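Asks: Please see the structure below; I have some questions.
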Amino acid sequence: MTAPDRTAPDTLSILVIGSGLGGLLAAVRAADAGHHVVLVTKSVLPESNTRYAQGGIAAALFRDDSVDAHVLDTLRAGAGLCDPAAVRVLCAEGPARVRDLIRFGVDFDRDESGVARGLEAAHSRSRVVHAGGDATGAAVEAALVATVRRRAAIDVREHTMLVDLLVDDGVVRGARVLGPHGVQHNIDADAVILATGGAGALFSHTTNPSVATGDGVAAAWRAGASVADLEFYQFHPTALAAPGTPLVSEAVRGEGAVLLGSRGERFMLAEHPDAELAPRDVVARAIARQMERQGGAPVLLDATALGRELLETRFPTITAACRAAGLDWAVAAIPVAPAAHYWMGGVKTDAWARTSLPGLFAVGEVARTGAHGANRLASNSLLEAAVFADRAVRALGEPGRASTSRPADLPHSLSTSTIPGLLPETAPGSSPADLATLVDRRKLQRFLWDFAGVHRSGAGLTSTAASLAECTAPPASSTSVAALEDRNLLDLGRLLVAAALAREESRGAHFRSDFPDTRPDLARSVSQTLELVPAREAIAC
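Residue numbering for the sequence shown follows the numbering used here, starting at 606 and increasing by one per position.
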């Protein structure tokens, strides 16, 4: 792969959008490289998906592990859709990025051997480092927020939401944002780094915070950037079946907790040789099937054998969530169910985080680097954010665009009649009568959960596409954060459904009952083949 050009101008104006691990680290790296950085975030600086990450960060840091072993585990989990080069970058550069986090103040947990580590599903080694027991994301977020606040070259703007990208002659030159006082304005920049996270708000059950509405993927797509693998949404097998669906980390099963049906039987033994430590998609679908067998009731996670001391010291966040729900998981199994957790798809990038639009980079969950394939390996997400945030800053000023163009033998686009519900454009100046079909977020979430969730079928996806096609998006000129989020969710819901309809097989996190087998000929990006037609709503400078 081609290394970035080091002859770029010394100082650039960089706009970083998002304040999770990817955005914070990119801002720090860019400031330390001498660039002027504006960092905007929709909520307050510490609020992001990163903050809620529990399990930890996977990296080959230990003598009994290797980069090759980590690569192999990642490829296996990705179900044939990983980009091997991206996986190699992730695993090879990961240890250095974890050491960077330690230098920035992240205090990873320790034991008698040094840094403590855990085992999670589909890993062949114990390589997941954690902080605060099950509060790794919060520890990482706190350390990087403190680091950002110490950098005078970083202009932090909270309560500032991305509306659309500014594009001039095919080059991204900044973004239009909605500021804290409800006024839209432009921020010009030499380069934009998207780090806006995922879109758990697409579904009625999610482990994500409310800010995860896919703003960056939607804005990049409207600007004409290539997106890919949008059908692959990972549903975490174990969210607490209580208000807020708190995450119950996979690390709990790594410590020995087991899943039980309503009658107390272990059902995962019959589902996969690795039982509770099978890949996440396998466990999530097995839980969904078991719930169907027992009338929709949640399954039970039994961690009582681990003992109160281990549960309270290793998993204080989950212990607190259980207590808030009136549960004591040290003495009784707790109810759990799948919930939307992580989007493997997103804005397509190369190995340097460059998108198909010059001037636009994407890091973290907003990006589709190819490192996760069809099913992300547990605890690779924070690692990916750190690795590619570092690479994005190293690539700043590089004149070449990412190598994400469509293959020459693929059609430029498919008509909206080819795929039901494929983003018909809303006519300017819609009449008041159109307000009757203004998108309802709760209905959208319910449709996507029921028909584009853990289990999918062509009939359900087609019905959902038709329903979404009848909806009207709020205008881009809106001064309401909720309305602009709904605009993004409608775009992304239509895209996800169209991609899921196009992938007529089951692979990784994508399962279709009408196409239950994996097709070797579809070990490629169907979304790229579709080249879903952007609405081209980006604002011209």
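We treat Cβ as the ideally placed atom computed from N, Cα and C, and that holds for glycine.
Being a predicted model, the structure only gives us computed values, none of them experimental.
Among residues of its own chain, excluding the 5 on either side of A824, which ones have a beta-carbon nearer than 7 Å to its beta-carbon?
Replies: Cβ neighbours of A824 beyond the five flanking positions: L767, D769 and L770.
Asks: Whose C-beta lies closer than 7 Å to the C-beta of R1046 among residues of the same chain, with five residues either side of it excluded?
Replies: D1091 and L1094
Asks: Rounded to whole angstroms, what is the Cα-Cα separation between R778 and V643?
Replies: 13 Å
Asks: Within 10 angstroms of the Cβ of H790, are there 16 or more other Cβ atoms? Answer buried if so, exposed if not.
Replies: exposed
Asks: Would you tell me roughly how many angstroms separate the C-alpha atoms of A930 and F808, rounded to the nearest one?
Replies: A straight-line Cα-Cα distance of about 22 Å links A930 and F808.
Asks: Beta-carbon separation of V968 and A958 under 8 Å?
Replies: yes
Asks: What does the alpha-carbon distance come out to for the pair P851 and D774?
Replies: Cα to Cα, the separation comes out at about 45 Å.
Asks: Exposed or buried, E876, counting other C-beta atoms within 10 Å across all chains shown (16 or more means buried)?
Replies: Buried, since its Cβ has 16 or more Cβ neighbours within 10 Å.
Asks: Assess contact between the stretch 822-837 and the stretch 1108-1116, defined as three or more Cβ pairs (one per stretch) separated by less than 8 Å. Is contact present?
Replies: By the Cβ rule, the stretch 822-837 counts as touching the stretch 1108-1116, because three or more pairs are nearer than 8 Å.
Asks: Going straight from the alpha carbon of G787 to that of R781, what length do you get?
Replies: 13 Å
Asks: Can you give the Cα-Cα distance for D1039 and G964, rounded to whole angstroms?
Replies: With a pLDDT of 37 at D1039, under the threshold of 50, the predicted position of this residue should be treated as unreliable, though the coordinate-derived value follows. If you draw a straight line from the Cα of D1039 to the Cα of G964, it is about 36 Å long.
Asks: Look at the Cβ atom of R858, then the Cβ atom of A726, and state whether they are nearer than 8 Å.
Replies: yes
Asks: Just reading off the alpha helix (DSSP H) that N1093 is part of, what are its end residues?
Replies: V1086 to A1107
Asks: Quick one: give me the first and last residue of the alpha helix (DSSP H) that G627 is part of.
Replies: L626 to D637
Asks: Taking the C-alpha atoms as reference points, what is the distance between V853 and E1109?
Replies: Roughly 32 Å between the two C-alpha positions.
Asks: If we ignore side chains and look at the alpha-carbon of each, how far apart do D1160 and E897 end up?
Replies: This structure cannot speak to residue 1160, because the chain is shown only from 606 to 1146.
Asks: Can you name the residues that DSSP bridges to Y838?
Replies: W948
Asks: Buried or exposed, going by whether 16 or more other CB atoms sit within 10 Å of the CB of K1048?
Replies: exposed
Asks: Pop quiz: L962 and A830 are said to be a contact at Cβ under 8 Å. What is the actual Cβ separation, rounded to whole angstroms?
Replies: 5 Å
Asks: Examine the Cβ distances between the stretch 861-878 and the stretch 665-680 and report whether three or more of them are shorter than 8 Å.
Replies: no
Asks: Check each candidate in W826, L1127, M873 and S986 and name the one with the smallest Cα separation from D1096.
Replies: W826
Asks: Between A632, Q899, A1070 and L864, which lies nearest to V750 when the distance is taken from Cα to Cα?
Replies: Out of A632, Q899, A1070 and L864, A632 has the C-alpha closest to the C-alpha of V750.
Asks: Which residue marks the beginning of the alpha helix (DSSP H) containing L965, and which one marks its end?
Replies: From DSSP, L965 is part of no alpha helix (DSSP H) but of the beta strand (DSSP E) over L965 to A967.
Asks: Counting only the same chain and skipping the five closest in sequence on each side, list residues whose C-beta sits under 6 Å from that of R913.
Replies: A935
Asks: By how many angstroms is the C-alpha of V711 removed from the C-alpha of I662?
Replies: 12 Å
Asks: What's the C-alpha gap between A1057 and Y947?
Replies: Each residue's Cα considered, the two are about 14 Å apart.
Asks: Just the C-alpha distance for A1070 and A684, rounded to the nearest angstrom, thanks.
Replies: For A1070 and A684, the distance between alpha carbons rounds to 26 Å.
Asks: Tell me which same chain residues have a C-beta within less than 6 Å of the C-beta of A883, skipping the five on either side of it?
Replies: H877
Asks: Hey, A844 and V745: beta-carbon distance below 8 Å or not?
Replies: no
Asks: State the CB to CB distance for the pair A846 and P903, rounded to an integer number of angstroms; the pair is presumed to be in contact (CB under 8 Å).
Replies: 4 Å
Asks: Using CA atoms only, rank isn't needed, just tell me which of A740, L629 and W1054 is closest to D705.
Replies: L629
Asks: Nearest to Y657 by alpha carbon, out of R1129, T811 and P842?
Replies: Distances from the CA of Y657 to each of R1129, T811 and P842 were compared; the closest alpha carbon is that of T811.
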